[in-house]
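Working notes for the structure below.
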Amino acid sequence: MYLTREEEAMLKGEYGYAAQKSMEILVALGKIYDAERMIEIKSAQISGVSYKSLGDEGLEFIEKLAEDGRVRVPTTLNPCGIDLERWRELGFPEDFAKKQFKVIEAYLKLGIMRTLTCTPYLAGNRPRLGDHIAWSESSAIIYANSVLGARTNREGGPSALAAAIAGRTPLYGLHLDENRSPQIEVKIPRSLNGYGYAALGFLVGRLAGDKIPLFRGVKLISDEELKLLGAALACSGGIPLFHIEGITPEAKLNPKINAPERYEIGVDEIKEVYDELNDYDVDPDLIFIGCPHSSIRELIIFLELLRGRAVKRRTWIFTSRFTRTLGEKLGVVEKLENLGVKVICDTCPIVAPIRKLGIRSIATNSAKGAWFSRNLNGLKVRFMSIEMLVELAVK
Ligand code: F3S
Numbered sequence: 115m116y117l118t119r120e121e122e123a124m125l126k127g128e129y130g131y132a133a134q135k136s137m138e139i140l141v142a143l144g145k146i147y148d149a150e151r152m153i154e155i156k157s158a159q160i161s162g163v164s165y166k167s168l169g170d171e172g173l174e175f176i177e178k179l180a181e182d183g184r185v186r187v188p189t190t191l192n193p194c195g196i197d198l199e200r201w202r203e204l205g206f207p208e209d210f211a212k213k214q215f216k217v218i219e220a221y222l223k224l225g226i227m228r229t230l231t232c233t234p235y236l237a238g239n240r241p242r243l244g245d246h247i248a249w250s251e252s253s254a255i256i257y258a259n260s261v262l263g264a265r266t267n268r269e270g271g272p273s274a275l276a277a278a279i280a281g282r283t284p285l286y287g288l289h290l291d292e293n294r295s296p297q298i299e300v301k302i303p304r305s306l307n308g309y310g311y312a313a314l315g316f317l318v319g320r321l322a323g324d325k326i327p328l329f330r331g332v333k334l335i336s337d338e339e340l341k342l343l344g345a346a347l348a349c350s351g352g353i354p355l356f357h358i359e360g361i362t363p364e365a366k367l368n369p370k371i372n373a374p375e376r377y378e379i380g381v382d383e384i385k386e387v388y389d390e391l392n393d394y395d396v397d398p399d400l401i402f403i404g405c406p407h408s409s410i411r412e413l414i415i416f417l418e419l420l421r422g423r424a425v426k427r428r429t430w431i432f433t434s435r436f437t438r439t440l441g442e443k444l445g446v447v448e449k450l451e452n453l454g455v456k457v458i459c460d461t462c463p464i465v466a467p468i469r470k471l472g473i474r475s476i477a478t479n480s481a482k483g484a485w486f487s488r489n490l491n492g493l494k495v496r497f498m499s500i501e502m503l504v505e506l507a508v509k
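Given below as structure tokens:
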């Protein structure tokens, strides 16, 4: 693999421990994937922030890098395990919170922004068409590649951090034109909306594995639906990129886009996903939206659907602090909280120590949220539309 003089110097340790470790990780990756050289990146997104997933070993690794390391490109952070301001009020355990603060401190020392969100593209880190980036967090990766047309491989936390410190990543995979073409075409029923797109993503993720799908038959889809679709595709499959005919940027640039394999999805198959992701006999302890983190539009929609009615059970909206601040300025957060809805920041329903809060069942409009709540956190789940969630919350 060709390395520039600066890259060679990093590898030899001339730029310090963190740069050397980072370059070692990147060179090892480059060799595995046969990359010819490195490419400079515009930004990085780092997952592996919750102490729940990092543990003491992960914390020590980041602290060691932070002794002399500093990121070279704008770098944002995925959600951590607590709301940094309201963890006591919400009942998060003190010992967990203390460790979590240490993790954040180490990341800040590295020069990383404390965004703590899986939707960095809604919080100031929004790459442009063709930008090379190194992002971890599957739902953010697929959104960046597909909806924004940026270029990232499916990085893990350590490789994204290494790329941020070195300011570059090996040139292979989705950084190259030839690996971004669709491999499977999926014709969808016309009637989808809202959480229907999450169910579609869950279904196609299973069908396609890690093949890049091209959707046909989508007339209109909102940013929020794209977010739910992508998160589900990346959850049940290993999909890092999708195209939608006439809608996503690379499909728009290539009107003749097509793929060798073809499938047609029917309404009945979508209904099967609803059944699979619903434990129908459960009365949920917690209702949430915001997996991936909610946009300001979702906060407003939730408020409008409430029509002034207070919620009668625990109802949380997960979002970034960036979006919450916007919601505060617009008066949306105050209205939601006056009706009993908590607008939670910095964390997520999966990486927070949710069982320690006594929660045993949830309801959500996110297929990813439902799947991981059941399979990672051992909860009973309901999967339903945002309209149905609001009606359940006020009942
Ligand atoms: Fe985001 Fe957590 Fe869901 S990181 S996509 S809210 S599992």
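Under my numbering, think of the first position of the sequence shown as 115, with each following residue one higher.
Ideal Cβ positions, reconstructed from N, Cα and C, are used throughout, including at glycine.
DSSP state of LYS145 mapped onto helix, strand, coil: Numbered from 1 along the sequence shown, position 31 holds the residue referred to as residue 145. It is helical.
Looking only at DSSP bridge pairs, what is GLU299 linked to? Start at 1 with the first residue of the sequence shown, and residue 299 comes out as number 185. DSSP output for GLU299 lists LEU328 and ARG376 as bridge partner(s).
Tell me whether the region 257-268 and the region 116-131 touch, counting them as touching only if at least three CB pairs, one residue from each stretch, are closer than 8 Å. Two segments are said to touch when three or more pairs of C-beta atoms, one from each, lie closer than 8 Å; by this definition the region 257-268 does not touch the region 116-131.
Measuring CB atoms only, is the region 434-442 touching the region 231-241, in the sense that at least three cross pairs come out at less than 8 Å? Counting Cβ pairs under 8 Å, three or more are found: they touch.
Does the region 335-347 come within contact of the region 316-327, defined as at least 3 CB pairs closer than 8 Å? The region 335-347, when compared against the region 316-327, does touch it at the 8 Å Cβ threshold.
Listed in chain order, which residues are found with a beta carbon closer than 7 Å to a heavy atom of ligand 1? The set, ordered by position in the chain, is ASN192, PRO193, CYS232, GLU251, SER253, ALA345, GLY404, CYS405, PRO406, HIS407, PHE432, CYS462, PRO463, ILE464, VAL465, SER480, LYS482, GLY483 and PHE486.
Three-state class that DSSP yields for SER252 in the structure shown: The sequence position of residue 252 within the sequence shown is 138, counting from 1. Residue state, collapsed to three classes: helix.
Whose C-alpha, out of ILE176, GLU171 and TYR147, is nearest the C-alpha of ILE160? If you number the sequence shown from 1, residue 160 lands on position 46. That would be ILE176, whose Cα lies nearest to the Cα of ILE160.
According to DSSP, simplified to helix, strand and coil, what is GLU269? As a position in the sequence shown, residue 269 is number 155, starting the count at 1. It is a strand residue.
DSSP beta-bridge partners for MET227? Locating residue 227 in the sequence shown gives position 113, where the first residue counts as 1. When beta bridges are read from the DSSP output, MET227 appears opposite THR190.
TYR311 classed as buried or exposed, judged by whether at least 16 other C-beta atoms fall within 10 angstroms: Reading the sequence shown from its first residue, position 197 is the one you call residue 311. By the neighbour-count criterion, in which 16 or more other beta carbons inside 10 Å mark a residue as buried, TYR311 falls on the buried side.
Tell me the rounded alpha-carbon separation between LYS156 and LEU243. In the sequence shown, counting from the first residue as 1, residue 156 sits at position 42. In the sequence shown, counting from the first residue as 1, residue 243 sits at position 129. For the pair LYS156 and LEU243, the Cα-to-Cα distance works out to about 12 Å.
What's the gap between the Cα of LEU444 and the Cα of LEU391? Translated into the one-based positions of the sequence shown, residue 444 becomes position 330. Translated into the one-based positions of the sequence shown, residue 391 becomes position 277. Cα to Cα, the separation comes out at about 35 Å.
Whose C-alpha, out of LEU179, ALA142 and PRO369, is nearest the C-alpha of TYR131? Position 17 of the sequence shown, counted from the start, is the residue given in the question as residue 131. When only C-alpha atoms are compared, the closest one is LEU179.
Anyone know if the C-beta pair for GLY454 and VAL425 falls short of 7 Å? In the sequence shown, counting from the first residue as 1, residue 454 sits at position 340. In the sequence shown, counting from the first residue as 1, residue 425 sits at position 311. For GLY454 and VAL425, yes; Cβs fall inside 7 Å.
Buried or exposed for ASP197, going by 16 or more other Cβ atoms inside 10 Å? Walking along the sequence shown from the start, residue 197 turns up at place 83. So ASP197 counts as buried.
Alpha carbon to alpha carbon, how far is TYR377 from LEU306? Translated into the one-based positions of the sequence shown, residue 377 becomes position 263. Translated into the one-based positions of the sequence shown, residue 306 becomes position 192. Cα-Cα distance, rounded: 17 Å.
Quick one: which unbroken beta strand (DSSP E) runs of 3-plus residues sit fully inside the region 148-215? Chain order, please. Counting whole runs of 3 or more residues, the region 148-215 contains the beta strand (DSSP E) stretches 152-154, 158-160 and 189-191.
Let me check understanding here. Comparing Cα to Cα, which of VAL387, LEU191, LEU420 and ASP460 lies closest to LYS449? Reading the sequence shown from its first residue, position 335 is the one you call residue 449. Nearest option by C-alpha distance: LEU420.
Quick check on DSSP: helix, strand or coil for VAL217? Position 103 of the sequence shown holds residue 217. Secondary structure of VAL217 (DSSP, three-state): helix.
Pull up the distance between the alpha-carbon of ALA276 and that of LYS135, whole angstroms please. Within the sequence shown, numbered from 1, the residue matching residue 276 stands at position 162. Within the sequence shown, numbered from 1, the residue matching residue 135 stands at position 21. Within the model, the alpha-carbon separation for ALA276 versus LYS135 is close to 8 Å.
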